[in-house]
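Peer 1: For the sequence shown, position 100 matches number 100 in my numbering, and the numbering has no gaps at all. Quick reminder that beta carbons are idealized off the backbone N, C-alpha and C, glycines included. Predicted model, so just to flag it, every value in this text is computed and none were measured. Just passing along the structure, written as structure tokens.
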Amino acid sequence: HSSSTLEQEPQSSFAVAEKVASAAVEQLPKITPSDATNYASTYSQILSTCQESKKALQQCQSEEECEHAMVGMTVCAGQFMCPFQHSSLLDSLKLSTTTTTTTATTSASSKDAEEAAEVRISTALDILSECVANYDARASVAKRAYPELFDKVSKGQK
């Protein structure tokens, strides 16, 4: 019987992740100089607006602290990268505060409303996170393809 895939030499998780990432990048649409300039401009906005979030991410110590910082950075960057998804998250947060205060009549309906609000917020955050990750992947391709445009924008020359 021929050798099974289990008998092959195991690949490092980094090598597997790199193959997955390069396969994903190959599926991305072609990046134009105009696209690259837009990505660079967006990153410039993010860097100036999200300084506190970036600082929290750089200084976090525990896993929980770093997870919180990552959510903060995702939400902050998301307003520029994925405005529609960012807006949906904010709507979910607003809805959850009005839902939990108006349904405090019976404990059962209040608990259901609270759980539904948590699911809405969690889903909206997951969608925003995925959008930000996809945007970031495209921007990375753009930066590799047109580093001079990113340098220009970061130096304030459009």
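How would you label residue 150, buried or exposed, when you count the other beta carbons within 10 angstroms and need 16 or more for buried?
Peer 2: buried
Peer 1: Please classify residue 133 as buried or exposed, where buried requires at least 16 neighbouring CB atoms within 10 angstroms.
Peer 2: exposed
Peer 1: Can you list the alpha helix (DSSP H) stretches of 4 or more residues lying completely in the region 115–156, in chain order?
Peer 2: Complete alpha helix (DSSP H) runs here, min 4: 147–154.
Peer 1: I'd like to know whether the C-beta atoms of residue 86 and residue 78 end up nearer to each other than 8 angstroms.
Peer 2: yes
Peer 1: Our contact map puts residue 49 next to residue 76 with C-beta atoms below 8 angstroms; I'd like the distance itself, whole angstroms only.
Peer 2: 7 angstroms
Peer 1: Go ahead and label residue 128 buried or exposed: buried means 16 or more other beta carbons lie within 10 angstroms of its beta carbon, across all protein chains shown.
Peer 2: With 16 or more Cβ atoms within 10 Å of its Cβ, residue 128 is classed as buried.
Peer 1: Could you check which residue in 148, 155, 152 and 138 has the C-alpha nearest to that of residue 31?
Peer 2: Of all alpha-carbon atoms in 148, 155, 152 and 138, the one lying nearest the alpha-carbon of residue 31 is that of 138.
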